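Enquirer: Pasting a structure below so you can have a look.
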Amino acid sequence: MKNTQLVKTIILFFMVSGYCTVRAQYNPNQDLDGDGIINSVDLDDDNDGIPDLLESPPSNTVVNGSFTSVSAPWVLASSWVYNSAGGNVSITDNNVSNIDLKQTINNLNRTDGIVALTMTLGAQDGSNAAGSTGTLQILLNNTLYATINNGTTRNTTTNNVTITLANGATSNFVAFTTANNTGYTTRTFTINIPYNSPGTADLIFRATLALDDWQLDDVSIPAYILDTDGDGIPNYQDLDSDNDGCFDSIEGDENVKLSQINSSGVILGAVDAQGVPQLVNAGGAADIGGDQGQGIGSSQDAAVNACLCYKPSVTSGTALNTNQGITALNRAGTNGGNWPMVRKGGWIALEAKTKGFVPNRLTTAQISAIPAANLVEGMMVYNVTSDCLQINIDGTPAGWKCFNTQTCVDVN
235 MKNTQLVKTI
245 ILFFMVSGYC
255 TVRAQYNPNQ
265 DLDGDGIINS
275 VDLDDDNDGI
285 PDLLESPPSN
295 TVVNGSFTSV
305 SAPWVLASSW
315 VYNSAGGNVS
325 ITDNNVSNID
335 LKQTINNLNR
345 TDGIVALTMT
355 LGAQDGSNAA
365 GSTGTLQILL
375 NNTLYATINN
385 GTTRNTTTNN
395 VTITLANGAT
405 SNFVAFTTAN
415 NTGYTTRTFT
425 INIPYNSPGT
435 ADLIFRATLA
445 LDDWQLDDVS
455 IPAYILDTDG
465 DGIPNYQDLD
475 SDNDGCFDSI
485 EGDENVKLSQ
495 INSSGVILGA
505 VDAQGVPQLV
515 NAGGAADIGG
525 DQGQGIGSSQ
535 DAAVNACLCY
545 KPSVTSGTAL
555 NTNQGITALN
565 RAGTNGGNWP
575 MVRKGGWIAL
585 EAKTKGFVPN
595 RLTTAQISAI
605 PAANLVEGMM
615 VYNVTSDCLQ
625 INIDGTPAGW
635 KCFNTQTCVD
645 VN
């Protein structure tokens with residue numbers, strides 16, 4: 235998981251909402267899940283033990299960012315040209331001003347407060363190497379975040395292509411020179427833009443001075459839009475991603491139990507320095523993989539509900555006969571190979587093809603009226619008030635328990 239952590243630390247920031255709400259605002263310095271780890275370094279923002287990048291792998295919300303066929307849905311103002319041979323766009327005209335290349339981007343509300351805009355930029359000397367200049371502005375939602383300049387001083391020891399950032403943007407851009415190069419000199423870099431809303435906005439590349447030439451390719455913005463159950467909450471914020479009624483923390487691929495989560499499905503206890511619950515980290519009580527966090531397991535498969543028990547019966551050890559039975563099939567026997575002894579491991583066996591077994595049917599009030607002295611462990615009734623089979627587990631009035639949830643012992 236180290237590579238996953240590195241990617242997020244550099245360019246990705248995650249948020250978490252409440253179990254049933256989506257937060258419209260995001261601040262990378264806040265702590266939305268309240269675990270003491272700020273959003274910008276929290277790898278598990280809903281504290282279900284499954285890292286965010288496993289729950290919602292990023293996808294590019296920029297359409298046709300690599301210009302593989304036609305330029306659409308990009309809108310190219312005059313002077314911007316689509317180059318089908320190279321699969322890119324460029325601007326080479328002289329004396330242009332405020333000429334835009336733009337696209338309307340969706341799902342910006344799924345970028346967690348930081349729009350990580352990555353691109354491959356090419357620059358070349360256009361009019362002449364001695365005095366021509368070029369300026370390219372980058373705007374999102376009509377706010378300027380970066381200005382890239384191709385300056386007039388060009389030699390192998392001076393970087394003429396530089397960047398000026400604005401409005402809180404940061405970048406790994408490294409200045410470079412176009413001197414002594416034929417054609418475009420290209421660099422790939424990322425601009426991290428702080429962004430809250432709206433979810434849809436225009437991304438604009440604006441040529442404001444163009445005696446020099448620009449080329450753009452491989453434009454991308456990662457968004458975390460995977461929403462398995464379609465409830466409007468992306469998986470990395472959703473504590474029940476497949477809406478099967480069983481929390482992701484339980485359905486992950488390690489051994490988290492119901493007693494180890496709260497009523498919303500959040501894992502209880504401490505987290506590590508990156509916001510992942512210690513319970514599922516190496517050496518944690520629920521750990522299997524010996525690494526950080528747990529895998530997605532069946533948390534995104536609505537056909538599998540891990541809160542129910544699908545495990546086969548344990549058949550190891552000595553198989554004991556079931557010595558008592560009631561049958562409507564007239565096949566009771568007397569030796570170990572007959573019924574009910576052939577049904578192993580039970581206190582009593584019941585069987586019929588057309589008859590159902592009906593225990594005593596009592597209301598809650600009637601059950602409460604049974605004298606305490608008459609209660610015994612294992613007493614069974616059907617509670618018609620609660621619509622459940624009740625079994626007394628300890629021979630006391632407080633020992634009545636409803637058995638109405640299919641589950642496994644090791645889940646509880």
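Its first residue numbered 235, the sequence shown is counted upward by one per residue in the numbering used here. C-beta atoms are modelled at their ideal positions from N, C-alpha and C, and glycine is treated no differently. As the structure is a computational prediction, the values presented were derived from the model and not from experiment.
Just the Cα atoms here: how many angstroms apart are PRO605 and CYS636?
Expert: For the purposes of this step, residue 605 is identified with residue 371 of the sequence shown, where counting begins at 1. For the purposes of this step, residue 636 is identified with residue 402 of the sequence shown, where counting begins at 1. Answer to the nearest angstrom: the Cα atoms are 19 Å apart.
Enquirer: Compute the Euclidean distance between the alpha carbons of ASP342 and GLY433, then round it to the nearest angstrom.
Expert: Reading the sequence shown from its first residue, position 108 is the one you call residue 342. Reading the sequence shown from its first residue, position 199 is the one you call residue 433. Per the sequence shown, residue 342 should be read as Leu rather than Asp. C-alpha separation (whole angstroms): 4 Å.
Enquirer: For ASN384, is the classification buried or exposed, using 16 other Cβ atoms within 10 angstroms of its Cβ as the cut-off for buried?
Expert: Position 150 of the sequence shown, counted from the start, is the residue given in the question as residue 384. ASN384 is buried by the Cβ-count criterion.
Enquirer: What number of angstroms, rounded off, separates the C-alpha of PRO631 from the C-alpha of ASN594?
Expert: Residue mapping note: residue 631 aligns to position 397 of the sequence shown, counting from 1. Residue mapping note: residue 594 aligns to position 360 of the sequence shown, counting from 1. If I take the Cα positions, the gap works out to 17 Å.
Enquirer: Alpha carbons only, please: which of THR597, VAL610 and SER602 is nearest the one belonging to ASP621?
Expert: The sequence position of residue 621 within the sequence shown is 387, counting from 1. Of the listed residues, the one whose Cα sits closest to ASP621 is THR597.
Enquirer: Can you give me the C-alpha to C-alpha distance between ASN496 and LEU502, rounded to a whole angstrom?
Expert: Position 262 of the sequence shown, counted from the start, is the residue given in the question as residue 496. Position 268 of the sequence shown, counted from the start, is the residue given in the question as residue 502. When rounded, the distance between both Cα atoms is 6 Å.
Enquirer: Which stretch, first to last residue, makes up the beta strand (DSSP E) that contains ILE625?
Expert: The sequence position of residue 625 within the sequence shown is 391, counting from 1. Unbroken beta strand (DSSP E) run through ILE625: 622 to 626.
Enquirer: Suppose you measure from the CA of MET353 to the CA of PHE301; what does that come to, to the nearest Å?
Expert: Counting from one through the sequence shown, the residue named residue 353 turns up at place 119. Counting from one through the sequence shown, the residue named residue 301 turns up at place 67. Cα-Cα distance, rounded: 12 Å.
Enquirer: How many Å lie between ALA306 and ASN298 at the Cα?
Expert: Position 72 of the sequence shown, counting from 1, holds the residue named residue 306. Position 64 of the sequence shown, counting from 1, holds the residue named residue 298. Distance between the alpha carbons of ALA306 and ASN298: 7 Å.
Enquirer: With THR598 as the anchor, note down where its alpha helix (DSSP H) starts and where it stops.
Expert: In the sequence shown, residue 598 corresponds to position 364, counting from 1. Per DSSP, THR598 belongs to the alpha helix (DSSP H) from 598 to 602.
Enquirer: Considering only residues of the region 418 to 451, which uninterrupted beta strand (DSSP E) runs meet the minimum length of 3 residues and lie entirely inside it, listed in chain order?
Expert: You should have 419 to 428 and 435 to 444.
Enquirer: Based on the DSSP secondary-structure assignment, which residues constitute the bridge partners of GLN729?
Expert: Residue coverage of the chain in this structure runs from 235 to 646, which leaves residue 729 outside it and unanswerable.
Enquirer: Could you tell me which residues DSSP puts in a beta bridge with PRO456?
Expert: Sequence index remark: in the sequence shown, residue 456 carries index 222 (1-based). Per DSSP, ASN294.
Enquirer: As an exercise, report each continuous beta strand (DSSP E) stretch of at least 3 residues that is fully enclosed by the region 522 to 599, in chain order.
Expert: Entirely contained in the region 522 to 599, the beta strand (DSSP E) runs reaching 3 residues are, in chain order, 559 to 561 and 583 to 585.
Enquirer: Report the option in ILE438, LEU373, ASN515 and PHE591 whose CA atom is closest to the CA atom of ALA311.
Expert: Here residue 311 refers to the residue found at position 77 when the sequence shown is read from its first residue. For ALA311, the nearest C-alpha among the options comes from ILE438.
Enquirer: Do PHE423 and PHE410 have their beta-carbon atoms positioned less than 7 Å apart in this structure?
Expert: In the sequence shown, the residue the question calls residue 410 occupies position 176. In the sequence shown, the residue the question calls residue 423 occupies position 189. No, Cβ-Cβ distance for PHE410 and PHE423 is not below 7 Å.
Enquirer: How many angstroms separate the CA atom of GLY672 from the CA atom of THR619?
Expert: No statement about residue 672 is possible, as the shown extent of the chain runs from 235 to 646 and does not include it.
Enquirer: For ILE560, which residues in the same chain have their Cβ closer than 6 Å to its Cβ, ignoring the five residues on either side in sequence?
Expert: Within the sequence shown, the letter at position 326 stands for residue 560. The residues are LEU584.
Enquirer: Roughly how far, in whole angstroms, is the beta-carbon of ILE467 from the beta-carbon of ASP461, given that I think they are within contact range, below 8 Å?
Expert: Counted from its first residue, the sequence shown places residue 467 at position 233. Counted from its first residue, the sequence shown places residue 461 at position 227. Sure, about 7 Å apart at Cβ, within 8 Å.
Enquirer: With CYS543 and ILE484 assumed to form a contact (beta carbons below 8 Å), what rounded beta-carbon distance in angstroms separates them?
Expert: Taking the sequence shown and counting its residues from 1, the one referred to as residue 543 is at position 309. Taking the sequence shown and counting its residues from 1, the one referred to as residue 484 is at position 250. In fact, because the Cβ distance is near 12 Å, the residues do not count as touching under 8 Å.
Enquirer: Please classify ILE339 as buried or exposed, where buried requires at least 16 neighbouring CB atoms within 10 angstroms.
Expert: Locating residue 339 in the sequence shown gives position 105, where the first residue counts as 1. That one is buried.
Enquirer: Quick one, which of SER532, ASN322 and ASP346 has its alpha-carbon nearest GLN264's?
Expert: Numbered from 1 along the sequence shown, position 30 holds the residue referred to as residue 264. For the residues SER532, ASN322 and ASP346, the minimum Cα distance to GLN264 belongs to ASP346.
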